[in-house]
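Written below as C-alpha cells is the structure these notes are about.
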Amino acid sequence: MSKQQSGGLVERNITLRTAVLMMYCLVAAGAFGIEGMISDAGPGMTIVILCVLPFIWAAPQALCSAELGSFITDAGGFYKWIQRGLGEFWGFAGGWCRTVSCYIDNTLYIVLAGSYSQMLIPGMTDTAKFIFMFVLILIFTVINLLGIEEVGKVSTIFSVIIFIAFMAVTVVGFANWQYNPMEPFYNSADYTLIGSIGAGLATGMWMYAGYTSMSTLATECKDKSVIPRGLLIIMPLVAISYILPTIAGLASVGQWQDWANDGAGISFGNVLALAGAWGLPCFTIAAVIANLSLFNTQMISISRGFYGMALDNLAPKVLLKVSKKRHVPYIGVISLSVVTTLLCNFDFSVLVTMDVTMLMVDYVLVFISAARLRKIEPDTPRPFKIPFGDNFVKILITPGLIIACAALFLNGADYYLGGMIAFASAPILYVIWKRMYGGLYANDPVKYPIDKRTRLVSGDFSRMAIVFAILAVIGLIGGLFWFDFYEVGWEADYGANYPFLGGTDEEITNRIYNSITVVSVIYAVLAIVLRICDKKLEKKELPAETAAE
C-alpha cells in the first residue's frame, strides 16, 4: 500500500477471529437496547422486526461494506468508498457526518457504563460516578494508544463474556417457558399498528447498524480479506444473538409492558435471575462490560475517521500525527477522549438529536456508492463481489435507502430538526477546508482540477444545492404534515425534554414543528441561490487548461 493511501499507519497481523469479535463489539455488544423496543412496539412486533431487518437493513450494509472494503482499503474506510464513487464533496459529507455523530455517540457508552455501575453500588455519588467514568476513559485511551492489536485483545475478552451472558439468558429463558412471546402482537394501548412499526424500527435499525465502522481500520490489517470475510460471519451472528435471547426473555418473564432500558423495569437480567439471586448482579456487570466494549472499539474506529480526510487535505494536518513507536494517530484518540470527558458530566441530549440525520447520510451515500462503482469501475478486481449482477445490487440497497430515509421521520421532530441544522456544517466546512488546505487538488492538480475562481471542484455549488433542497423538501413534509400526524401524544415528552423553550407542552411542540418549517424555507432559498450561482459560473467557465493549472 502506498504512503498516500495509508499515511503513517502501519499494517498489523489481525486474525479473522479478532476482526469478527471487534465487529461484534462495534455492531452489537449484546442485545442491550431491545428492552425498550419491546415495551414500545410490543413483543410480537419486536420479534418480527428483529427477524426482518437482517435481510432488508443489515444485509445491504454488510454486503456493500464487504464488496467495497475488499478493493478499497485506503485510510479513511467508508469516506474513501464514497469519495471514489461519488466524488470529493460527497466523500467529505459522508466522512464528516459519520465521524462527528460518533464523537457524540461514544459518550453514551461511557455514561451507560457509569449508570450500570451506580446500580451495582447504590451508594455511589454523582461525583464518584464521574471519577469512575474519567478513570475508564483514561484506561481505554491508553489501550487505544497502544494500537489495534491491544484493542483486539480486549475486545476478544469482552466479546466472550457478553456471549456467555446472553447464551445463559437464552438457556435459562427457554428452560422457564411460560408465555407466548408473540402476544400481544403490537402495543395497541399506545400506538396504532403503523405507530408500533415506527417505534420498533426506530430502535431496530440502530441495533443492526455499524457494519461500515471497521472499514477505517482496513489499512492497518495486513490481511486485507479479514474485514470482508468477517462481515459475512458477523451478520447472521448478530441476528441470532438478538432474536434468541428476546424470545427466551418474553417466553419466561413476560410482562412485556414493563421492559425498559434504564434498569428500573424488566430486563434480560431478570431472565437470568430465574436461575438464582446471582443472575441480576452478574448480568449488570455484563452490561457494564458491553458498554465498555462499544466504547473501546468505537474509539479506535472513530479516531481514524478524520485521518483519511486529512490525508486528502480536507481536514487539519495535525490529525495526521502518529506516535513514533506504535504508529497510532494519537491526536484522534486524545481528541475523542477529551470530548467524551467534557460531555459525560453534562446533559448532551440536545446534541444526540443530531445523530439520526448525520448517520443516515453516511449509510445512504455508501449504498449509492456501491451501485455507482459497479457502473463506473466495472472491471476493477473485487476479491469479494456481491453475486447476481449489478441489478441485484440495486435491488439489495433499495430497502436500505427507504429505511434510512424513513428514520428521519420515525425518530421524532426534535431529532430531525437537530440533524438538519447539524448537517449544514458539512458543506460549510467543506468550503472552508477545501479552500484552506486544497483538497485532492493539492495531491494531484491534473487528476483533480478545480475552478480557480472558487477554488472548489466545478459543480460543487450544485451539489450543495442538492443537499439543502433534499433537507428542505423532507423538512416541509415533516413540519407541515407528517410529525403532526405521527406524533400524537408526544407533547408531554417534548415539554419534559425542552423546558427551556418555554410555554406549555403544546406550545413547545409547535415551536419545534415551526422551526423545522422555517429552517426548511431557508434551505430552499439557499438551494436556489447556490444553483443559480453554479449556472452563472458554468456560463463564464474558464478554459479547461486554465482551470486545471
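Just so you know, we're using this note's numbering here: the sequence shown kicks off at 1 and counts up by one. The C-beta atom is built at its ideal place from N, Cα and C for all residues, glycine as well.
Contact between Ala41 and Gly200 holds, with the beta-carbon distance rounding to 3 Å and staying under 8 Å. In the DSSP secondary-structure assignment, Trp259 is bridged to Ile266. In this structure, the straight-line span from the alpha carbon of Leu537 to that of Arg374 is close to 31 Å. Cys221 is bridged by DSSP to Arg12.
According to the DSSP assignment, Gly44 belongs to the alpha helix (DSSP H) that extends over Pro43 to Leu53. For Gln61, the uninterrupted alpha helix (DSSP H) run begins and ends at Ala59 to Phe71, by DSSP. By the criterion of at least three beta-carbon pairs nearer than 8 Å, the stretch 165-180 is not in contact with the stretch 355-368. The three-state reading of DSSP puts Leu456 in strand, counting E and B together.
Distance from the CA of Ala19 to the CA of Leu417, rounded to the nearest whole angstrom, comes to 36 Å. Rounded to whole angstroms, the separation of the alpha carbons of Cys282 and Ser458 is 59 Å.
For Trp96, the closest C-alpha among the options Ile432, Arg435, Thr203 and Met309 is that of Met309.
The beta carbon of Leu480 sits closer than 7 Å to those of Thr517, all from its chain and outside the five residues before and after it, given in chain order.
Taking a C-beta distance under 8 Å as the contact criterion, Met37 and Met214 do not qualify as a contact pair. Around the CB of Thr127, fewer than 16 other CB atoms lie within 10 Å, so the residue is classed as exposed. Counting only runs of 4 or more residues that sit fully inside the stretch 415-500, the alpha helix (DSSP H) segments are 425-437, 440-443, 460-477, 483-486 and 491-497, in chain order. Three or more pairs of CB atoms, one per stretch, sit closer than 8 Å, so the stretch 286-297 contacts the stretch 112-122.
Not a single unbroken stretch of the beta strand (DSSP E) spanning 3 or more residues falls wholly within the stretch 88-120. Across the set Tyr486, Leu319 and Ile522, the C-alpha of Tyr486 shows the shortest separation from the C-alpha of Leu193.
Contact between the stretch 240-252 and the stretch 41-53 is established, with three or more Cβ pairs separated by less than 8 Å. Check the Cα spacing between Trp57 and each of Ile474, Ala407, Leu9 and Ile470: the tightest is with Ala407. Fewer than three Cβ pairs drawn from the stretch 437-449 and the stretch 506-524 lie within less than 8 Å of each other, which leaves the two stretches out of contact.
Rounded to whole angstroms, Ile131 and Tyr103 show a C-alpha spacing of 20 Å. For the pair of segments examined, the stretch 315-325 was found not to touch the stretch 56-74: the number of CB pairs separated by less than 8 Å stays below three. Membership of Ala175 in the alpha helix (DSSP H) is indicated by the continuous run Ile148 to Ala175. According to the DSSP assignment, Gly198 belongs to the alpha helix (DSSP H) that extends over Leu193 to Met207.
Residue environment for Asp379: exposed (fewer than 16 other C-beta atoms within 10 angstroms of its C-beta).
C-alpha of Cys344 to C-alpha of Gln61: approximately 30 Å in a straight line. In this structure Gly279 is not in contact with Gln178, their Cβ atoms being roughly 17 Å apart against a cut-off of 8 Å.
By the criterion of at least three beta-carbon pairs nearer than 8 Å, the stretch 236-246 is not in contact with the stretch 81-90. Boundaries cannot be given for Leu274, as no alpha helix (DSSP H) includes it and DSSP labels it neither H nor E.
For a cut-off of 8 Å, the C-beta gap from Val154 to Ile143 is around 6 Å, short enough to register as a contact. Between Ile302 and Ile148, the C-beta gap is not smaller than 8 Å, which leaves the two residues out of contact. Taking C-beta separations shorter than 7 Å and ignoring five residues to either side along the sequence, the partners of Gln257 in its chain run Ser39, following chain order.
Counted as a single uninterrupted DSSP element, the alpha helix (DSSP H) harbouring Tyr523 occupies residues Asp505 to Lys539. With a contact defined as Cβ atoms closer than 8 Å, Leu314 and Lys129 miss out at about 38 Å. Note that the C-beta distance between Gly265 and Ala165 is not below 8 Å.
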